[in-house]
Amino acid sequence: MSEVTISDLASRYEHDLAAPERCGFVLPDGSVVEVQNICHEPADGFDIAAEDLLKYEDNAIASWHTHTGTDCNLTRDDLASFLNYPHLHHYIVGSDGVACYAVEQGRVVRAATYSSSRHAEEHPLRAD
Numbered sequence: 001m002s003e004v005t006i007s008d009l010a011s012r013y014e015h016d017l018a019a020p021e022r023c024g025f026v027l028p029d030g031s032v033v034e035v036q037n038i039c040h041e042p043a044d045g046f047d048i049a050a051e052d053l054l055k056y057e058d059n060a061i062a063s064w065h066t067h068t069g070t071d072c073n074l075t076r077d078d079l080a081s082f083l084n085y086p087h088l089h090h091y092i093v094g095s096d097g098v099a100c101y102a103v104e105q106g107r108v109v110r111a112a113t114y115s116s117s118r119h120a121e122e123h124p125l126r127a128d
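Okay, so the sequence shown: first residue is 1 according to UniProt numbering, each after it adds one.
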């Protein structure tokens, strides 16, 4: 099993933060899967198609998405989305780094923050 690190995720997407938001899943084998963002305003949010959710949700260890031109802080939409998938960790790639969120006792909490891909190289994406 190959291990994907935070820096892998950040390096793939931090250069693209001016583009529409991108989104996907991290699978147990370490692969990062990008799916189509079907949001009607993809520069301001993300939505994942039902067929992609069905294909990946039960097999994923985490979800991820980018924030276009802004930081990795949680938005109201992120909060609502993350609460629907409490079994996954959720990563946001923003202009200031990568944040990992988890759902604990019905609340979304920030589990970790990585300020840049340089500082994240030794941190694997969480599956616990």
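All C-beta atoms, glycine included, are put in the ideal place defined by N, C-alpha and C.
Just to confirm, are residue 207 and residue 62 a CB contact at a threshold of 8 Å? Residue 207 is absent from the structure shown; the chain starts at 1 and stops at 128.
Rounded C-alpha distance that separates residue 58 from residue 49: Taking the straight line from one Cα to the other gives about 15 Å.
Under DSSP, the alpha helix (DSSP H) around residue 46 begins and ends at which residues? Counting along the chain, residue 46 falls outside any alpha helix (DSSP H), and DSSP gives it neither H nor E.
Hey, how far is the Cα of residue 66 from the Cα of residue 96? In this structure, the alpha-carbon of residue 66 lies about 11 Å from that of residue 96.
Taking the beta carbon of residue 21 as the centre, do at least 16 other beta carbons fall within 10 Å, making it buried, or is it exposed? By the 10 Å Cβ count, residue 21 comes out buried.
For residue 25, which residues from the same chain have a beta carbon less than 6 Å from its beta carbon, with the 5 sequence-adjacent residues on both sides left out? For residue 25, where only same-chain residues beyond five positions count, the Cβ hits under 6 Å are 33, 56, 60, 63.
Assuming residue 111 is part of the beta strand (DSSP E), what are its boundary residues? Residue 111: member of the beta strand (DSSP E) spanning 107-114, first to last residue.
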